[in-house]
Each structure stands twice: as C-alpha cells, then as structure tokens.
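Here the structure comes first, spelled out in structure tokens, and everything after it is commentary.
Number of protein chains: 2
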Amino acid sequence: MILKNLSIDCVIFGFKDNKLKVLLWQDETEAIKSFFTDRDNYEDVKILFEANPFRANEGYWALIGTHMPDEEDLDEFAKHILYQTTGLKDLYLKQVKTFGATNRVPFMRVVTTAYYAIINPEYHDMQQSEITKILRWFDIDKLPKLIFDHEEIINAALKKLREEVKYHPVGFHMLPEKFTLTELQSLYEVILGKKLDTRNFRKKIQKMDLLTDTEEKQTNVAHRAAKLYSFDIATYQKLREEGLKFSIQ
Amino acid sequence: MILKNLSIDCVIFGFKDNKLKVLLWQDETEAIKSFFTDRDNYEDVKILFEANPFRANEGYWALIGTHMPDEEDLDEFAKHILYQTTGLKDLYLKQVKTFGATNRVPFMRVVTTAYYAIINPEYHDMQQSEITKILRWFDIDKLPKLIFDHEEIINAALKKLREEVKYHPVGFHMLPEKFTLTELQSLYEVILGKKLDTRNFRKKIQKMDLLTDTEEKQTNVAHRAAKLYSFDIATYQKLREEGLKFSIQ
DNA sequence: CCAAAAGTGTTAGACCTACACCCATGA
DNA sequence: TCATGGGTGTAGGTCTAACACTTTTGG
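Chains A and B supply the protein sequences, listed in that same order.
Each residue of the first sequence is one higher than the one before, starting from 132 at the first, in our numbering.
Each residue of the second sequence is one higher than the one before, starting from 132 at the first, in our numbering.
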C-alpha cells in the first residue's frame, strides 16, 4: 500500500570541485522501482508518478523522492531511498521540515517531508544502478528549473545546513578520509557562502581536538605539500551531540 | 475529505506560576467539531477518533491535534487549531518535526507533524468554547500518562524551544505586556532548566536594546517595587529574524 | 525596623578579529 | 629560481563568569 498524500524528498548535498552541489534527477518510472518491495503496490506508485505533468518536460529536474509506503518508517524510508540512489549507508541525514501547502502539487494533494543528506560525491557509487543514469550534480547557485516547490525545499535545507554547520561539525561526511586544512576551510567557506580567515580558522579547528595528524602529506603538488588530517571519530561524535562551544562564522 | 494517514499535533507551551507548562486535553469527539468546516467530512474524523482505544481511558492525556483535512494548508491548519482551542491569533508557532514510526499509532498508520506554540496563559480565553472544558495545563516535569508517542513529541518540542531561546528572543509571547526583569529572567531559567546570574543576565538583556522602560513600577508588593518594561516590537522582530549575536545560557 | 526582592560594578580570563610574512615543493 | 599555495603569532578589543552589597518598599 502507498500513502497517496504523503511523500519524501531528499536534498543531497555534496562538495566537489570546490563547490557545494545538490544531487537531482529527472524521475523515470522504472527508477523508483528499486525503492519499493513486493508488499508495496508498485502499480499505484507508477500511476501516481505518471500523473505528473512535469515528467514529460525535459527541462525540469526534481529532488530525489517518492510516495511513502504504508508499512515503512519515515526516517528509515529516507535512508532506504538514499541507499538505493547513492549506494551509501550510514550517511548524515536529517529531517528539514514538512511542506504542506495545499497547491504545492497542482494536480493532487501531497504533503512532503524533506530530508537533507551530506555525502562525499567521490565515494558514492554512481555506477551501481539504473537510477544513476538520470542523476546529476548541480551547483547550488546554478539550479535548473525544478518541479513543484522543490526550489523552496532546497533553500530551506540549505538554511538548515548553514545553521547546523556553525555549531556542529559536519565535514566528515563530505570530505575524503584524509584531507588538508585548506580543503576543510574551503568546505566551510562554500557552505557558509563567505571567506574565512585562514589563521583564525586553523586556531578554532585545532582547539576542537577533532583532527588527527596522519603524518602524511600531499604528493605531486606544485607547491609546499599540505599535511593530511583525519577526523577523530570519538570526538567527532561527541561534538555532533553536544555542539561546539563556539561558532564558526 | 480527511487525510487518514496524516495528522497535526500542537505542543502549546505557557509560563504560569513560575513554571513551564504544556496544554493538554482529553479528546472528545464533539470538541474537534470546531476544527472542521462543512466541506470536510466530519463523520470520517469522528470514526477515526472513536477508533482510538485510549479515548475510553480516563488516565490518558493527549496533545491537541487531529487529522488533516484535504483542502487545508498544513501551517494554516495548525494556526486554526490553536485559534479554536485558545482563542489566540498571531501566536508564536513553529514546526518541530514529523513523526513517522510505523507503529506510533497502534491501530492504524498515522504520520503526524508536530508544531510548538508559545502563549501567555493569562491571555487566552479558556472560557470561549466547549473545548476548554477538557483542557488542562501540566507542568513540563509532571506530565500525566500520554497516548501514543506524545511524550516523545513534547520532549522534541522542548529541545527545540531550548535551542531557539538561546539565540532568539521569545519572551514576548509568554509574558504580559509589561513585565519586570526578574520575570523575564525566571522565564529563561524555567525554559533552560537552570539558574542564571542576575547581574550578567541584566547586562546581556540591556545590551540587546530590546526593552523599553515603561516608567511604571509594580504596586502593592511587600518589597522594593520593580520597574516594568515592555518589548520594543521593531527590535524584537529584527532579533527574531537575525538571531542574537551571543547566546543566553 | 524588618523581611523581601530589586538593583548595581569590577576583575580576570577566554575568545575574537584583523593582519603580513616566510616556507616547502615541483616545474 | 620561480610560482604556488601551506603554514604561523600577536595585540587590542570584547564577551563571559564569578562574585556581595546597598536600596526600596509594605507590613
């Protein structure tokens, strides 16, 4: 059974080429098949999907999401969708809010719960399924035309991410296992949308006791090689829960 | 039409007798009648309500809420519910999050979007309707038995309120028009659940430029009469949006 | 004049901002 | 040896936390 009036949409953020990106798709009936199990009535979902007048229009992109099955937990189903599209488990995933304007979907009543996720685009296995053919990363400031209120949802998620990043560490999920302080700083700059002072940034980060020096350095760079760091997972988890004592902004 | 699988629940906070309170009810079929209009099928709601096995049990209380009508905006309907129960418009209202565990309502699938509101219990007209007979304020730390996951919802709302109060002013909605600094401090202490230093608190508040000295004082108090202040609405709105430059904690 | 709450200032330490130069590397 | 980005320290100002006594009022 499918809950006709309730859907999930995921805003997937990634950091690539020094830019903040969002993963979008042009939905295709076959693609969502993998989200559902036998006990869900896939025919129902298909009918709902095909009723969407924007599907036919090449120019429109959408957040990754679909209608809720009756027998799935809301949070779990969001995780499941992310696993099916990116191949990643254990990712950073938070509810943004629920959008329930009466006319947000023109041809029927659908209330959608939005989630945002943070992933490292390098890690996710874009080759793993059918779905990947219709996925594309977009710069956060160069979004294509989006269906329904998906632009509003992305903006709400971005706002939430910006709030979050000031008081809680998030880089872990967007960066490779070993990274330089400059990469970490770029990530913050890109999320917050402004330049940070290098010396002050480094002082703040180091005071957190969050980074482990891997004793390695960059290789093959045409300048002084930067040290590579990794996150101390225990401290990372602790700070995620407790929040930073100060803010990065 | 009623959306069977989607409901709204409101956590209404108030500040009374120097304590943080939550407004709860023991739902009664007649009471929710006022939430709906003719175009909603009230019989459907009634059936859904009467299917709740906790209704019969005197000991259980609930958050104020009901199923969503098809043709109402989610946020607007939350406002409407609050107006019908408290007689207040223009109150402080925010979405907490959406709860969607499969088994949260044992006998059917209902996903609920929770809101929290902040009101001044003195102002709301508890006499105004049938509903008020079944409403009661409970101390936040002496909650009765609650149906479903309503205790979890209250805890999530409280957590959100505590986060909010650190960086944004909220007192406006909980206090009378004119209030003393001590009352404001008690409000913060009660929300945050800890004592604050009087001198430091006053310094912080005064630096915000948020309060107007009404040039009045308490009367008939058996001790030095405190000055009465009111909020500067323009500054209040500005700080609500921008947030405080520092935190109260 | 007593009880009760209102109201007020200072200091030491932590953190924040702003700012400019030398270092290591590969080409 | 040059171009490129990596890496570092200090000083002045601001915020924070801790702390105790005097003032005003009504009874």
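Cβ coordinates follow ideal geometry from the N, Cα and C atoms, glycine included.
DSSP state of residue i, grouped into three classes?
| i | result |
| --- | --- |
| A/R235 | coil |
| B/V321 | helix |
| A/I249 | strand |
| A/N172 | coil |
| A/E308 | coil |
| B/E346 | strand |
| A/Y254 | coil |
| B/F166 | helix |
| A/L115 | This structure leaves residue 115 of chain A out entirely; chain A is present only between 132 and 380. |
| A/I195 | strand |
| B/L154 | strand |
| A/K273 | coil |
Could you spell out where the alpha helix (DSSP H) holding residue i opens and where it closes?
| i | result |
| --- | --- |
| A/Y298 | 281-298 |
| B/K338 | 329-338 |
Which residue wins for smallest C-alpha separation from residue i, given the options the options?
| i | options | result |
| --- | --- | --- |
| B/R240 | A/F269, A/D201, A/N149, A/D221 | A/D201 |
| B/M339 | B/V321, B/F310, B/P300 | B/P300 |
| A/E347 | A/Y360, A/P184, A/H354, A/I139 | A/Y360 |
| B/E189 | B/Y247, B/A182, B/I278, B/N149 | B/I278 |
| B/G231 | B/D140, B/E373, B/I364, B/K334 | B/D140 |
| B/R330 | B/D221, B/A245, B/Q316 | B/Q316 |
| B/D221 | B/V227, B/Q215, B/L318, B/K210 | B/K210 |
| B/P252 | B/K225, B/Y298, B/E308 | B/E308 |
| A/V321 | A/I178, A/G145, A/D204 | A/G145 |
| B/V236 | B/A248, B/F185, B/I195 | B/F185 |
| A/L213 | A/F167, A/A356, A/I364 | A/F167 |
| B/Y191 | B/K290, B/A245, B/Q368, B/K276 | B/K276 |
| A/G324 | A/L292, A/F303, A/L341 | A/L292 |
| B/M223 | B/E203, B/V153, B/D206, B/I250 | Checking the sequence shown, residue 223 of chain B turns out to be Tyr, not Met. The candidate whose alpha carbon is nearest that of B/Y223 is B/I250. |
| B/E207 | A/K150, A/K225, A/I195, A/T233 | A/T233 |
| A/L205 | B/Q215, B/T244, B/F180, B/D171 | B/T244 |
| B/L151 | B/F269, B/V352, B/E181, B/Y254 | B/F269 |
| B/M305 | B/K147, B/E174, B/E282, B/Q215 | B/K147 |
| A/L370 | A/K297, A/E314, A/L179 | A/K297 |
| A/S138 | B/A353, B/T229, B/R333 | B/T229 |
| B/L134 | B/M199, B/D171, B/D175 | B/M199 |
| A/G374 | B/A357, B/A353, B/E294 | B/E294 |
| B/A357 | B/Y367, B/K334, B/E314 | B/E314 |
Roughly how far, in whole angstroms, is the beta-carbon of residue i from the beta-carbon of residue j, given that I think they are within contact range, below 8 Å?
| i | j | result |
| --- | --- | --- |
| B/I163 | B/T197 | 5 Å |
| A/N136 | A/V242 | 6 Å |
| A/A193 | A/Y247 | Contact flag wrong, Cβ pair sits at about 15 Å. |
| B/Q349 | B/T311 | 7 Å |
| A/T345 | A/D363 | 11 Å between Cβ atoms; not a contact. |
| B/I284 | B/V142 | 6 Å |
| A/W156 | A/L274 | About 13 Å separates the two Cβ atoms, so there is no contact after all. |
| A/G302 | A/L318 | 6 Å |
| A/L219 | A/Y173 | So it is not a contact: roughly 24 Å between Cβ atoms. |
| B/D169 | B/M132 | Actually they do not touch by this definition, with Cβ atoms about 12 Å apart. |
Check for me: the beta strand (DSSP E) holding residue i runs from which residue to which?
| i | result |
| --- | --- |
| B/I143 | 133-147 |
| A/Y360 | 358-362 |
| B/Q226 | 223-230 |
| B/I212 | Premise fails: B/I212 lies in the alpha helix (DSSP H), 205-217, not in any beta strand (DSSP E). |
| B/R267 | 266-270 |
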